[in-house]
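S.K.: If you want our numbering, it's the position in the sequence shown, counting the first as 1, plus 4.
Take a look at this one; I'll ask things after.
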Amino acid sequence: MNSANAEIMDLVARLAEYQRSYYVDGHSQVSDLEYDRLFDRLLALEAAHPELRRADSPTQRVGSDLDTSLAEREHTIPVLSLDKAYTAFELLQWIEKTEKKGESEVGIVIEEKIDGISIVLYYEDGLLDRAVTRGNGFVGNDVTENVKTIASVPLSIPTTVAVAVRGEIYLPKASFASLNAQMETPYANPRNLAAGTIRRIKSREVAMIPLEIFVYEGFWEGSGETHLEILSQLARWGFPLNKNLAYFHSDKERAAAELQQANITGIGASFEDLASFIEEETGRRGCLAYEIDGLVAKVNSIEARQRLGYTGHHPRWAMAYKFESPQAETVVEGIDVQVGRSGRITPVARLKPVQLAGSTISNVTLHNQDYIAMLELGVGDTVEISRRGDVIPAVERVLEKGEGAAIWQVPTHCPVCHTALVKGGAHTFCPNVHCPAQVRGRIEFFAGKGGMDIENFGPETIATLMELGVLADIDDIYRIDYEAVLGGQPGFGERKIALIRAGVDESKTRPFRTVLVALGIPELGKKGAQVLIEAGLDSMEKLLAVADANDTERLVSIKQIGERSAEVYIASLTDEAMRRRIASLAELGLSMEEARHETGDDQRFAGQVWCVTGSFEHFNPRSKAMDEVEARGGRTTGSVTSKTTHLLAGAGGGSKRARALEHGVTIVDEETFISLLNKEDKNLAKEQGELF
Ligand code: IVH
Numbered sequence: 005m006n007s008a009n010a011e012i013m014d015l016v017a018r019l020a021e022y023q024r025s026y027y028v029d030g031h032s033q034v035s036d037l038e039y040d041r042l043f044d045r046l047l048a049l050e051a052a053h054p055e056l057r058r059a060d061s062p063t064q065r066v067g068s069d070l071d072t073s074l075a076e077r078e079h080t081i082p083v084l085s086l087d088k089a090y091t092a093f094e095l096l097q098w099i100e101k102t103e104k105k106g107e108s109e110v111g112i113v114i115e116e117k118i119d120g121i122s123i124v125l126y127y128e129d130g131l132l133d134r135a136v137t138r139g140n141g142f143v144g145n146d147v148t149e150n151v152k153t154i155a156s157v158p159l160s161i162p163t164t165v166a167v168a169v170r171g172e173i174y175l176p177k178a179s180f181a182s183l184n185a186q187m188e189t190p191y192a193n194p195r196n197l198a199a200g201t202i203r204r205i206k207s208r209e210v211a212m213i214p215l216e217i218f219v220y221e222g223f224w225e226g227s228g229e230t231h232l233e234i235l236s237q238l239a240r241w242g243f244p245l246n247k248n249l250a251y252f253h254s255d256k257e258r259a260a261a262e263l264q265q266a267n268i269t270g271i272g273a274s275f276e277d278l279a280s281f282i283e284e285e286t287g288r289r290g291c292l293a294y295e296i297d298g299l300v301a302k303v304n305s306i307e308a309r310q311r312l313g314y315t316g317h318h319p320r321w322a323m324a325y326k327f328e329s330p331q332a333e334t335v336v337e338g339i340d341v342q343v344g345r346s347g348r349i350t351p352v353a354r355l356k357p358v359q360l361a362g363s364t365i366s367n368v369t370l371h372n373q374d375y376i377a378m379l380e381l382g383v384g385d386t387v388e389i390s391r392r393g394d395v396i397p398a399v400e401r402v403l404e405k406g407e408g409a410a411i412w413q414v415p416t417h418c419p420v421c422h423t424a425l426v427k428g429g430a431h432t433f434c435p436n437v438h439c440p441a442q443v444r445g446r447i448e449f450f451a452g453k454g455g456m457d458i459e460n461f462g463p464e465t466i467a468t469l470m471e472l473g474v475l476a477d478i479d480d481i482y483r484i485d486y487e488a489v490l491g492g493q494p495g496f497g498e499r500k501i502a503l504i505r506a507g508v509d510e511s512k513t514r515p516f517r518t519v520l521v522a523l524g525i526p527e528l529g530k531k532g533a534q535v536l537i538e539a540g541l542d543s544m545e546k547l548l549a550v551a552d553a554n555d556t557e558r559l560v561s562i563k564q565i566g567e568r569s570a571e572v573y574i575a576s577l578t579d580e581a582m583r584r585r586i587a588s589l590a591e592l593g594l595s596m597e598e599a600r601h602e603t604g605d606d607q608r609f610a611g612q613v614w615c616v617t618g619s620f621e622h623f624n625p626r627s628k629a630m631d632e633v634e635a636r637g638g639r640t641t642g643s644v645t646s647k648t649t650h651l652l653a654g655a656g657g658g659s660k661r662a663r664a665l666e667h668g669v670t671i672v673d674e675e676t677f678i679s680l681l682n683k684e685d686k687n688l689a690k691e692q693g694e695l696f
């Protein structure tokens with residue numbers, strides 16, 4: 005305990021000094037990585053020893069200058085979004101209708117719909133004055149310093165008129181793939197990584213991500229008569245335009261000529277070519293260096309645009325065609341805060357129920373504050389949700405802001421126990437280990453499928469027992485007199501109580517590895533438990549000895565265990581409440597060491613791979629023969645492969661015998677097999693087995 009206290013004091017002093025020099029002197033004494041490592045270590049120690057947490061700990065700075073907070077700026081142009089068509093046919097229909105409404109020949113430009121982050125660049129007196137996110141269309145966030153790190157954004161342009169330029173910031177697919185491969189928590193798509201990046205507080209971190217931009221709309225006094233002219237001027241001022249563009253006009257020659265005149269790279273075509281162009285573009289999607297999620301059709305004539313005007317939300321002069329994908333639109337009706345068993349706070353969006361890929365979705369995780377800020381999400385917003393890999397539904401983006409919906413903020417206090425929350429990396433935690441939500445989470449995890457898998461001991465039973473005040477920690481499960489406590493409770497008949505009792509008793513026979521996982525040590529799942537046991541740490545006694553000696557080295561010497569996990573395991577296993585729980589469970593008779601294999605002594609088939617075929621006199625079914633092999637250290641397979649060393653061939657089984665001959669596999673008959681099993685001298689048997 006004393007050593008933990010000394011380490012906490014040391015970490016608090018060091019981190020405070022690093023913070024001061026970074027925020028006050030503008031100078032980093034340590035790398036961000038090292039800073040985060042120390043910060044995480046402090047958090048882990050404080051979580052394990054809450055009584056040692058100091059009021060001046062850097063982990064207590066909730067809402068301090070460390071928080072991301074980007075200034076808000078009003079837009080001076082309307083930053084609208086686009087109306088959508090979901091089929092190429094609908095888009096064609098819209099173009100036809102718009103053509104007619106335009107009264108004169110308007111011409112239609114089709115651009116790719118870049119799947120990135122919408123941005124408006126404002127230039128004043130020729131200088132980039134500010135870069136503002138779309139926000140709710142009226143007010144967005146100022147991300148100028150970050151946008152300046154994108155090399156292709158002109159910092160100045162040769163004009164003094166006020167210019168606003170709309171564009172899309174994106175991360176090329178290749179950059180995304182290589183960056184994401186190095187991330188601890190990978191992003192689902194390039195857009196999310198780009199959106200997260202553009203909202204970072206430290207612009208030098210942004211500079212390390214190779215973001216790019218395409219611009220597609222420009223606004224200034226006397227900007228010109230057509231969209232093509234505007235694009236042309238933007239290109240001359242040095243803005244990057246997307247070259248995959250097509251211009252459609254009833255007269256194909258004229259379309260090509262206008263493009264040439266504007267000096268714009270693109271395809272000039274007539275309206276008859278529209279359908280095939282859309283089809284080709286859709287097919288090209290996968291080959292592009294960046295993600296697109298559709299196409300945008302826009303009226304070329306500015307005068308016609310003015311005549312067509314706007315609906316409340318969209319311009320009538322443009323239409324997006326969205327490629328098909330498992331996505332749906334719905335409204336965020338609320339954001340609930342869940343407190344996990346480790347105290348981690350998870351915001352969950354409550355959605356207006358919506359059908360998506362065959363099921364009804366009514367809530368979806370929002371992960372943490374950073375994710376919400378990245379989406380610029382608030383209650384009341386209309387969002388697009390998707391099913392990534394058809395499994396976990398996720399909010400992809402905000403389609404429309406609800407009225408007055410500010411970006412939602414994680415509360416400052418735990419909604420369950422009202423303790424002040426603390427920040428740790430990207431997540432927020434309730435530091436109170438006695439928080440009822442944590443207690444319940446711990447018990448539910450212990451009894452659940454991933455833990456002891458206690459039958460008939462679900463969340464409702466747990467809730468009832470907690471309410472009755474008899475279940476405050478996991479060891480109580482094995483102390484409660486269920487008949488006495490639950491008898492007479494509504495919903496708990498005699499039979500049900502008997503089943504609960506039986507489930508609890510039966511769970512006492514679980515092996516040590518299951519008990520170890522069920523304790524809920526962070527990052528210690530089934531795989532981790534197996535690795536520890538295989539590395540010789542096969543009893544609680546041995547594990548606690550390693551933890552008490554703070555022997556991180558012993559743990560990291562195991563190939564699959566990293567330093568971070570080692571520290572977390574030690575912090576958790578030295579935590580007082582955990583120790584009390586372990587001692588209590590041991591006393592109650594739960595397994596605290598891994599049982600040895602009874603068949604372990606006779607390993608005469610070790611290193612051999614046996615395939616069994618045909619029928620046998622003494623081994624019926626033939627799986628009995630396989631069991632004999634496995635019990636003596638051999639492996640069995642269902643077919644003869646290059647790895648097979650022996651074929652045990654009974655009556656029949658022709659094709660396997662042929663394959664065995666082909667591969668030079670030793671073929672053994674039933675009589676020989678029995679003699680191999682019964683050989684007194686194991687080594688001789690092994691040799692003989694190999695000789696066949
Ligand atoms: S034009 C008023 N052109 O799509 C019309 N938008 O759902 C302004 N987008 O918020 C938009 N590529 O972020 C336009 N070539 C493109 C685009 C594009 C991507 C995005 C933009 C907009 C969203 C509309």
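Even for Gly, the Cβ is constructed at its ideal location relative to N, Cα and C.
For clarity, every value in this text was computed on a predicted model and none was experimentally measured.
Below 6 Å CB to CB, which residues in the same chain sit around F243 once its five sequence neighbours on both sides are set aside?
M.R.: Only V219 meet the Cβ criterion.
S.K.: State the Cα-Cα distance for the pair I525 and Y22, rounded to the nearest angstrom.
M.R.: Distance between the alpha carbons of I525 and Y22: 30 Å.
S.K.: So G4 and A655 are supposed to be a Cβ contact under 8 Å. How far apart are they, rounded?
M.R.: For the chain, the structure presents residues 5 to 696; residue 4 sits outside this window and is missing.
S.K.: So A166 packs on E209, CB below 8 Å; how close in whole Å?
M.R.: A166 to E209, Cβ: 31 Å. No contact.
S.K.: Please state whether DSSP places P463 in a helix, a strand or coil.
M.R.: Looking at P463 - three-state DSSP - the assignment turns out to be helix.
S.K.: Which ranges would you report for the alpha helix (DSSP H) in the stretch 438 to 494 if only whole runs of at least 4 residues count?
M.R.: Counting only runs of 4 or more, we get 440 to 451, 463 to 471, 486 to 490.
S.K.: May I have the straight-line CA-CA distance separating A506 from G455, to the nearest angstrom?
M.R.: Distance between the alpha carbons of A506 and G455 is about 17 Å.
S.K.: Short of 8 Å in beta carbon distance, which residues of its chain neighbour F543, apart from the five on each side in sequence? Order them along the chain.
M.R.: Sequence inspection shows Ser at residue 543; the Phe mentioned does not correspond to that position. Answer for S543: F516, M596, E597, E598, listed in chain order.
S.K.: Note the first and the last residue of the continuous beta strand (DSSP E) segment covering Q33.
M.R.: Counting along the chain, Q33 falls outside any beta strand (DSSP E), and DSSP gives it neither H nor E.
S.K.: I need the straight-line Cα distance from E94 to F281, nearest angstrom please.
M.R.: Near 15 Å, if we compare the C-alpha coordinates of F281 and E94.
S.K.: Is any non-hydrogen atom of the ligand IVH found closer than 6 Å to the C-beta of P162, if you look at the structure I gave you?
M.R.: No; taking the cut-off as 6 Å, the Cβ of P162 has no heavy atom of the ligand IVH nearer than that.
S.K.: Return yes when the Cβ of T369 is within less than 7 Å of the Cβ of V335, no when it is not.
M.R.: For V335 and T369, no; Cβs fall outside 7 Å.
S.K.: Indicate, with yes or no, if the ligand IVH has a heavy atom lying under 6 Å from the CB of P319.
M.R.: P319 Cβ: within cutoff of the ligand IVH.
S.K.: Just the C-alpha distance for A533 and A635, rounded to the nearest angstrom, thanks.
M.R.: Cα to Cα, the separation comes out at about 23 Å.
S.K.: Give the secondary structure of D385 by DSSP, where H, G and I count as helix, E and B as strand, and everything else as coil.
M.R.: Here D385 sits in coil by DSSP.
S.K.: Can you check the stretch 281 to 346 for any alpha helix (DSSP H) of at least 4 residues that lies completely inside it and give the ranges in chain order?
M.R.: List check, alpha helix (DSSP H) in window: 306 to 312.
S.K.: Return yes when the Cβ of K302 is within less than 7 Å of the Cβ of A279, no when it is not.
M.R.: No, Cβ-Cβ distance for A279 and K302 is not below 7 Å.
S.K.: What are the boundary residues of the beta strand (DSSP E) that Y573 is part of?
M.R.: That residue, Y573, is in no beta strand (DSSP E); its alpha helix (DSSP H) goes 567 to 577.
S.K.: Can you give the beta carbon distance from F327 to T286, rounded, assuming they're within the 8 Å contact cut?
M.R.: Going by Cβ atoms, the distance from F327 to T286 rounds to 6 Å, so yes, they are a contact pair.
S.K.: Quick check on the DSSP output: the beta strand (DSSP E) that includes K356 runs from which residue to which?
M.R.: First-last of the beta strand (DSSP E) with K356: 349 to 360.
S.K.: Taking the beta carbon of G382 as the centre, do at least 16 other beta carbons fall within 10 Å, making it buried, or is it exposed?
M.R.: Result: buried.
S.K.: Starting from R240, follow the alpha helix (DSSP H) in both directions and report where the run begins and ends.
M.R.: First-last of the alpha helix (DSSP H) with R240: 231 to 240.
S.K.: I need the boundaries of the alpha helix (DSSP H) containing S588, first residue and last residue.
M.R.: Residues 580 to 591.
S.K.: Along the chain, where does the beta strand (DSSP E) that runs through H371 open and close?
M.R.: Run containing H371: none; DSSP gives neither H nor E here.
S.K.: Do you know how far the Cα of N554 is from the Cα of T578?
M.R.: Straight-line Cα distance between these residues: approximately 9 Å.
S.K.: Among the residues of its own chain, which have a CB less than 7 Å from the CB of V616, if the five just before and after it don't count?
M.R.: The answer, listed in chain order, is R626, A629, M630, T640, L652.
S.K.: Distance, Cα to Cα, T226 vs Y375?
M.R.: Going by the sequence as given, residue 226 is Gly instead of Thr. Going by the C-alpha atoms only, they are around 40 Å apart.
S.K.: Indicate whether T164 and G130 have their beta-carbon atoms separated by less than 7 Å.
M.R.: Against a cut-off of 7 Å, the Cβ pair of G130 and T164 comes out as a contact.
S.K.: What's the gap between the Cα of D87 and the Cα of H318?
M.R.: Cα-Cα distance, rounded: 6 Å.
S.K.: Quick one: using the 10 Å Cβ neighbour count with 16 as the cut-off for buried, is R584 buried or exposed?
M.R.: It is exposed - the Cβ of R584 has fewer than 16 other Cβ atoms within 10 Å.
S.K.: Could you pull out every residue in the same chain whose Cβ sits closer than 8 Å to the Cβ of L84, ignoring the five residues on either side in sequence?
M.R.: Here the set comprises G141, Y314, H317, H318, P319.
S.K.: For E103, count the other beta carbons within 10 Å of its own beta carbon; 16 or more makes it buried, fewer makes it exposed. Which is it?
M.R.: With 16 or more Cβ atoms within 10 Å of its Cβ, E103 is classed as buried.
S.K.: From this set, G406, I296, I447, P463, which residue's C-alpha is nearest S346's C-alpha?
M.R.: For the residues G406, I296, I447, P463, the minimum Cα distance to S346 belongs to I447.
S.K.: Does R240 pass the burial test, meaning 16 or more other C-beta atoms within 10 Å, or should it be called exposed?
M.R.: That one is exposed.
S.K.: When you compare only the Cα positions, how much space is there between Q265 and D146?
M.R.: Rounded to whole angstroms, Q265 to D146 spans 36 Å at the Cα level.
S.K.: With H, G and I counted as helix, E and B as strand and the rest as coil, what does DSSP make of T670?
M.R.: Correct three-state label for T670: strand.
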